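In the working numbering, the protein residues as written are 211 to 396.
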């Protein structure tokens, strides 16, 4: 019987050892989980301040242009404006002539109005490409305002707001006198 007793004892001893190891592993896991929970809680209560970065923005100095560059920009803008204004005026006169002979609502007048709008849009785009930073403000400001008046006039036509369109045309015509004088075109 002593042989069977040794077997029982050795089986019992072998069985308890893994149980103690499992308890130790579980206790270790519990301690780690508790530590993680405490660390997370502290992080939520007292968040870490982000690092402070300092960026010094230095504005570039204003561009300076020689008198030659300013004169060239003025001449280019004046020439471009004169060309654009004449092109837009020509398209408007052609539309008015067609409307006078075929009626304001004829397909021919509608087509001429479309051509006038397209011409105005392309000339505005062209003028924007000619505005240079070197263009003197006494030229660029009235030209920009004139461009805005042309766009406003076309918008008034598109939405059938004739009063707004007429007011924009009057504003544009007043600017023509200013631009002509500044550019020496009159």
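The beta carbon of each residue, even a glycine, is placed where N, CA and C say it ideally should be. Being a predicted model, the structure only gives us computed values, none of them experimental.
Please work out which residues of its chain come closer than 8 Å, Cβ to Cβ, to residue i, disregarding the five sequence neighbours upstream and downstream, and give them in chain order.
i           : result
residue 305 : 319, 322, 323, 325, 326
residue 341 : 287, 350, 353, 354
In whole angstroms, give me the CA-to-CA distance for residue i and residue j.
i           : j           : result
residue 330 : residue 378 : 14 Å
residue 254 : residue 245 : 14 Å
residue 234 : residue 243 : 14 Å
residue 387 : residue 317 : 34 Å
residue 240 : residue 265 : 46 Å
residue 338 : residue 270 : 24 Å
residue 371 : residue 363 : 9 Å
residue 258 : residue 238 : 28 Å
residue 366 : residue 380 : 13 Å
residue 296 : residue 276 : 30 Å
residue 394 : residue 267 : 42 Å
residue 348 : residue 392 : 7 Å
residue 292 : residue 279 : 20 Å
residue 236 : residue 256 : 30 Å
residue 314 : residue 373 : 17 Å
For residue i, which residues of its own chain have a beta-carbon under 6 Å away from its beta-carbon, when the five flanking residues on both sides are left out?
i           : result
residue 281 : none
residue 390 : 396
residue 263 : none
residue 283 : 342, 344, 345
Are the C-beta atoms of residue i and some chain B residue less than 8 Å apart?
i           : result
residue 243 : You won't find chain B in this structure, because it holds only one protein chain.
Where does the unbroken alpha helix (DSSP H) through residue i begin, and where does it stop?
i           : result
residue 367 : 347-368
residue 258 : Residue 258 -> no alpha helix (DSSP H), and no H or E assigned at all.
residue 269 : Neither: residue 269 is in no alpha helix (DSSP H) and is coded neither H nor E.
residue 340 : 317-340
residue 394 : Unbroken run through residue 394: none, as it is neither H nor E.
Leaving out five residues before and five after residue i in sequence, what residues of the same chain have Cβ atoms less than 7 Å from its Cβ?
i           : result
residue 298 : 329, 330, 333, 360
residue 385 : 352, 355, 356, 359
residue 312 : 318, 319
residue 302 : 326
Quick one: grab the DSSP three-state call for residue i.
i           : result
residue 277 : helix
residue 289 : helix
residue 304 : helix
residue 242 : helix
residue 314 : coil
residue 344 : coil
residue 185 : Residue 185 is absent from the structure shown; the chain starts at 211 and stops at 396.
residue 373 : helix
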